[in-house]
Amino acid sequence: MTSVFHRMAAAADAPVFALAGAGMRWAVQDLLLADGITLVDSPRAASILLVAGELGPRLGEAAARVHDALPHPRATVLWASAPDGLAGAGAERIGPDADPVAATRAVFRDLVLGGRPSEPALLPDVDPATWRGVGPYGQGGSGMTGGTPYGRPMAELGPDRDGLRLDVLPTRLGPFFAPLPAGLELDLRVSGDVVVEARVTGSEVGTSEAAGGSAFVRALTQPQSIADLEMARARAHLRWAAEALRLQGLRAISLRALELARTIAPGDSAAVGRFATAVQRTGVYRWSLPNVDDRRRSLLADARLGPVSRACGGVDDERLADPAYIALGFAPITDVGDGVAAVWRARFGEASQSVDLASRAGSAVTTVTGTTESPRGRIALGDAPTARALEFVPALVEGLEWGDALATIAALDLDLDEMAALAGVTAA
Amino acid sequence: MTDLGPLAVAFSVMVAALLAVLASWLRTARNARATAPERVPFTGGRPPSAHAWSRYHARYYPMALLFLAFDMEMVFMYPWAVVFVSEGIVAMVEMGMFIAILLLGVLYAWRERAFDWT
Amino acid sequence: MSPLLEVIAAAAAVAGLLAVGALALAIGDGVAGAVVAGRPIRVLPLLTAPVARAMLAARTGSTTTERPDGAGRAVAPALLAGLAALAMVLLPLGPGVALADPDTGFVVYSAAVAFVMIAVFLHGWSPNSTLPLHGAYRFGAVALSFQIPFLLAMLATALPAQSLSIVRIVEAQAGLWNVVREPLGLPIYLVVGLAVGFWGPLNLPDGDDLAGGTSAEDAGWARWLWQVARLSMLVAVAALGAAAFLGGYFGPILPGPLWVALKTGLLLAVMAGAQHLLARVRIERFVGVAWVLLVPLALLNVFVSGAFLL
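Heads up: the sequence lines are chains A, B and C, in that order. For what it's worth, the working numbering labels the leading residue of the first sequence as 74, then goes sequentially. For what it's worth, the working numbering labels the leading residue of the second sequence as 2, then goes sequentially. For what it's worth, the working numbering labels the leading residue of the third sequence as 2, then goes sequentially.
Given below as structure tokens:
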């Protein structure tokens, strides 16, 4: 009887919590389209931990902590990956060319049917609370707020702009917090649901070799086909849209964005237009996305952050410096409205424009090297838009409500792989 | 069924659901005790630097006060709804005056930005 | 039958109705998601997925957090399921036929909806974890805002019935359904219903920006039960909405209970569509709209539809 139930359980989609390592962000995103597995946002909801690519030494312990947060029975699948923290897990290892979905399904099935033992905890069982001798838990004080219960101090009072003194709660988000790119660590101090202080404390995933190089990074050193570059730009914007839509609770339409990124062909700007209309009809511009005030707009306008800057009133675009683009009649898309919604419109507009440019570019190649316009803005040797954007993050999110803060960060399209790749270019 | 029937039914369903949760917990507890790292609250893979429980700044408190005023009004509206048709225009005018005053309160709260907190 | 047996039989019946409804909503949600995503609709997997998920949940162990409120964590999903049952037991299935028909049925239903705030807050507060805690307090704002429009939208249906009994409210629609008599009522009720079940565009406490919010720390069976309790709440909201606005069991040819099921299914289909077609609303935007737009509109609905009764 039990085995019947277990077989039914094994027929369910495998809930997977995925850690995207260097260069694997989009490979993991593609798993959203796969049948038989579901990517979940919390390790508590997962049965399988999928580690894709190298995580680098900094993230080993966090990966192990995520591993330990999974309920039993649990298993790990290492896809082209051998992270330090998960060495003892007895995980399933598959190569870069293996099919991660089939491997995950097989491990999941084994696990649920009892053929594969659940993995034990990896981190040592050391209680963070030290015994202080006072209070029911030895926490060094009485009552809920006395001492440091369970080794974690209580939040401290802080002044607030409305004159009340209430607790300011320190919050460490990431490196594997679904709304942020994997590897990004954000330390917030929140008063209620409003961010009063933000700090980026970690932002590298892995080495520059593992991060790989996009067509845009290659365009820094040698001429690239404009058609290829512009299609890559359109795909990058659509993949960004898939992430941003998911954050706004639109999972089904997010899948459409991914599917479109996969199938879009040069000249098919109508398909992008139809998709943008579908997005607009969800009301996301009207009631989901926060405003961007004048202070933040002026901060971003001249930061050369591509569509973000152009949505904030900037006009810079590296493509304007390239005669090959001018010959194609290229003009950047500006004046797209206000707020974070403007960034969305700018990206959809640009995706559509890029698909169109790609069909007209023929065999034209770029004629300028040294700087290029990536989907995220101006890139140069050792100068990544994501690195510049990260410096703005505190100024952008301080004072915003939690959801608004994350929607604002999502609009920046932070790409830690591109940042790592560009850092590597300088070194070389 | 008696007037307390619905409450009894709800209570039965609640008890059944509660037993289901507890049974599952007991089963887990029998199998393994969670280690300290397994108990760490999840915020992305790093241990939290403070307890989540805190004197949380619920920034919608002015709206909560407005809610109290309207919730009291609802107490009057339940019986009012029952006698509305038989009392006719008198009931309508009386409740209309009361509601108008409360709606002024909403306007005032709106002007004072009680519904925005960032 | 002894009162105790009567209650147990009623509880079993209600649990059955809720389970069927929740299953229907889960399947409908899967279908709507596949349609909106433009993915092929594979019938068998869509039909069996909810059952397979339940089995997986039963197979999966639970987790705990540091110093949680264990009792609160256990009670929250049970409370939400109990509140759904409390609402569902009032549902009229035919003329004068309901599992329970107290004179104050509408008050009982409002009490159930009001207590949803307690269940969700408890669920978010009890794990002693940041993301669920934010979800809990967020729902405080949502619940305090939806309460009044909800009560007013429902109250307008009590005027023609001259009674707070749900059975009477349906009987009063013999000639004219409330959806026609008070056209603003159902739209307001549906918006508010999405908030009660924190679903789709109003899934703020369990939103994606909180990585699952109040359920971010839930694993296995407890997680599944919370999802089922929330689906049950939506089913109860849809069923009572069909009773209060769409004439309940009234309809030609088909037997009454089938009409109840069909109308409930229609409202559930709207909810399943809203889940995939509408973006999550900013919390401040919802609070503002609820007070500045929904409350006055709901009052207008009460007084205008009331005036036509005189």
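The beta-carbon is built from N, C-alpha and C at its ideal position, and this holds for glycine as well. These numbers were taken from a predicted model, which means no experiment stands behind them.
Tell me which residue opens and which closes the alpha helix (DSSP H) that residue i is part of.
i: GLU134 of chain A; result: 133-142
i: VAL265 of chain C; result: Sequence check: residue 265 of chain C is Thr here, not Val. Counting along the chain, the alpha helix (DSSP H) containing THR265 of chain C begins and ends at 257-278.
i: ASP1 of chain C; result: Shown here, chain C extends from 2 to 311; a query on residue 1 of chain C therefore has no answer.
i: SER382 of chain A; result: 380-384
i: ILE482 of chain A; result: 475-484
i: SER306 of chain C; result: 296-310
i: THR49 of chain C; result: 44-60
i: ILE102 of chain B; result: 90-112
i: ARG306 of chain A; result: 299-320
Should residue i and residue j be called a contact, given that it needs their Cβ atoms to be closer than 8 angstroms?
i: GLY95 of chain C; j: GLY289 of chain C; result: no
i: PRO202 of chain C; j: LEU295 of chain C; result: no
i: LEU128 of chain A; j: GLY94 of chain A; result: yes
i: ARG60 of chain B; j: ASP266 of chain A; result: yes
i: LEU373 of chain A; j: VAL381 of chain A; result: yes
i: LEU152 of chain C; j: MET75 of chain B; result: yes
i: LEU123 of chain A; j: THR177 of chain A; result: yes
i: ALA194 of chain A; j: THR36 of chain B; result: yes
i: ALA115 of chain B; j: MET64 of chain B; result: yes
i: THR158 of chain C; j: GLY186 of chain C; result: yes
i: ILE452 of chain A; j: LEU487 of chain A; result: no
i: GLU391 of chain A; j: ILE406 of chain A; result: no
i: LEU84 of chain C; j: ALA120 of chain C; result: yes
i: LEU211 of chain C; j: LEU156 of chain C; result: no
i: SER298 of chain A; j: SER436 of chain A; result: yes
i: PRO206 of chain C; j: ALA137 of chain C; result: yes
i: VAL37 of chain C; j: ILE326 of chain A; result: yes
i: TRP99 of chain A; j: ARG312 of chain A; result: yes
i: SER115 of chain A; j: GLY213 of chain C; result: yes
i: ALA462 of chain A; j: LEU320 of chain A; result: no
Under the assumption that residue i contacts residue j (Cβ atoms under 8 angstroms), give the Cβ distance between them as a whole number of angstroms.
i: GLY340 of chain A; j: VAL428 of chain A; result: 6 angstroms
i: VAL365 of chain A; j: CYS385 of chain A; result: 7 angstroms
i: ALA223 of chain C; j: ALA33 of chain C; result: That belief does not hold up - the Cβ atoms of ALA223 of chain C and ALA33 of chain C are roughly 26 angstroms apart, past 8 angstroms.
i: THR44 of chain B; j: LEU143 of chain A; result: With a Cβ gap of about 15 angstroms, THR44 of chain B and LEU143 of chain A do not count as contacting.
i: GLU218 of chain C; j: PRO128 of chain C; result: 4 angstroms
i: VAL441 of chain A; j: ASP408 of chain A; result: The pair is not a contact, with the Cβ atoms about 25 angstroms apart (cut-off 8 angstroms).
i: LEU362 of chain A; j: VAL278 of chain A; result: The Cβ separation is near 27 angstroms, so there is no contact.
i: ALA315 of chain A; j: LEU331 of chain A; result: 5 angstroms
i: ASP209 of chain C; j: GLY322 of chain A; result: 5 angstroms
i: THR265 of chain C; j: ALA299 of chain C; result: So it is not a contact: roughly 22 angstroms between Cβ atoms.
Just to confirm my understanding: we take residue i, look at its own chain, exclude 5 residues before and 5 after, and list those with CB closer than 7 angstroms. What are they?
i: MET89 of chain C; result: VAL15, LEU18, LEU19, ALA237, ALA240
i: SER146 of chain C; result: PHE287, VAL288, ALA291, TRP292
i: LEU279 of chain C; result: GLY201, PRO202
i: VAL109 of chain C; result: LEU87, LEU91, PRO103
i: VAL466 of chain A; result: ALA271, VAL273, ILE482
i: LEU259 of chain A; result: LEU246, GLY247, LEU253, ALA271, VAL273
Could you please give the first and the last residue of the uninterrupted beta strand (DSSP E) stretch that includes residue i?
i: ARG47 of chain B; result: That residue, ARG47 of chain B, is in no beta strand (DSSP E); it is neither H nor E in DSSP.
i: GLU423 of chain A; result: Element bounds for GLU423 of chain A: not the beta strand (DSSP E) but the alpha helix (DSSP H), 412-434.
i: SER264 of chain A; result: 258-264
i: PRO243 of chain A; result: 239-246
i: SER447 of chain A; result: 444-447
i: GLY472 of chain A; result: Per DSSP, GLY472 of chain A belongs to no beta strand (DSSP E) and is neither H nor E.
i: VAL124 of chain A; result: 121-125
i: TRP152 of chain A; result: 148-152
i: VAL197 of chain C; result: First-last for VAL197 of chain C: 186-197, but that is the alpha helix (DSSP H), not the beta strand (DSSP E).
i: GLU229 of chain A; result: 229-231
i: GLY275 of chain A; result: 267-275
i: ARG166 of chain A; result: 165-167
Just grab the DSSP bridge partners of residue i for me.
i: GLY95 of chain C; result: C:VAL98
i: ASP456 of chain A; result: A:ALA453
i: ILE110 of chain A; result: A:ALA87
Which same chain residues, not among the five before or five after residue i, have their C-beta less than 6 angstroms away from its C-beta?
i: ASP389 of chain A; result: ARG377
i: MET118 of chain C; result: ALA144
i: ARG420 of chain A; result: HIS310, PRO380
i: SER130 of chain C; result: THR66, GLU218
Excluding the 5 residues flanking residue i on each side, which residues of the same chain have their C-beta closer than 8 angstroms to its C-beta?
i: LEU160 of chain C; result: VAL303, SER306, GLY307, LEU310
i: ASP141 of chain A; result: ALA194, LEU195, LEU196
i: LEU67 of chain B; result: GLY106, VAL107, ALA110, ALA115
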